[in-house]
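Since the structure comes first, as structure tokens, the remarks are kept for the end.
Numbering (full-length UniProt numbering), first residue to last: 1 to 172.
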């Protein structure tokens, strides 16, 4: 991290600017896409997520609300739960979540509570995506944590996977 200082030269907590390694964004997004395909094979909306800390995947998930009878079983939720269990900590500072679809409000809230540093998503979600499409949830003044957002990583491929799933579902 690069530490910024205030006008008197003192370090500021809000002035911390993370140094981000983007070299692994595409491989980790491809892993999330493979998980999304597993969900699609079960009839779930194809959304996959991987949570990475220190260059290692510590949590994986794909959508399971239908098969688990749990409306909160989004890919992000499952990956973060697995990561928190692996880390033995509900806080995951310094981690990055890769997810094939822009997060909804429920998942964005979880990113704040778990102190995830960065979210990288593939496809935008114009109806319920809250980190770019419907505004940036993380910019609200009342939040005590900010999450860095990067969208569009393998976005066309992620969008195509979702489109193909819904097209097949309408025909079936």
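Where a beta carbon is used, it is the ideal one built from N, C-alpha and C, also for glycine.
A quick note: this is a predicted structure, and the numbers were derived from the prediction, not measured.
ask   = In three-state terms, what does DSSP make of residue 20?
value = What you label residue 20 is simply residue 20 of the chain shown in a count that begins at 1. In this structure, residue 20 counts as coil in the three-state DSSP scheme.
Between the CA atoms of residue 110 and residue 163 - distance to the nearest angstrom = Against the chain shown, residue 163 aligns to sequence position 163. Against the chain shown, residue 110 aligns to sequence position 110. For residue 163 and residue 110, the distance between alpha carbons rounds to 26 Å.
task = Please go through the same chain and pick out, in chain order, the residues whose beta-carbon is closer than 6 Å to the beta-carbon of residue 150, but skip the five residues on each side of it.
result = Residue 150 sits at position 150 when you count from the first residue of the chain shown. Here the set comprises 120.
query = For residue 137, which residues of its own chain have a beta-carbon under 7 Å away from its beta-carbon, when the five flanking residues on both sides are left out?
reply = Along the chain shown, one-based indexing puts residue 137 at 137. Around residue 137: 105, 108, 130 and 131.
key: 6 Å CB neighbourhood of residue 154 in its chain, flanking five on each side removed   = Locating residue 154 in the chain shown gives position 154, counting from the first residue. Once the five neighbours on either side are set aside, the close Cβ partners of residue 154 are 29 and 122.
Spatial distance of residue 5 from residue 148 (CA atoms) = In the chain shown, residue 5 corresponds to position 5, counting from 1. In the chain shown, residue 148 corresponds to position 148, counting from 1. Its pLDDT being 42, under 50, residue 5 is placed unreliably by the model, and nothing is read from it.
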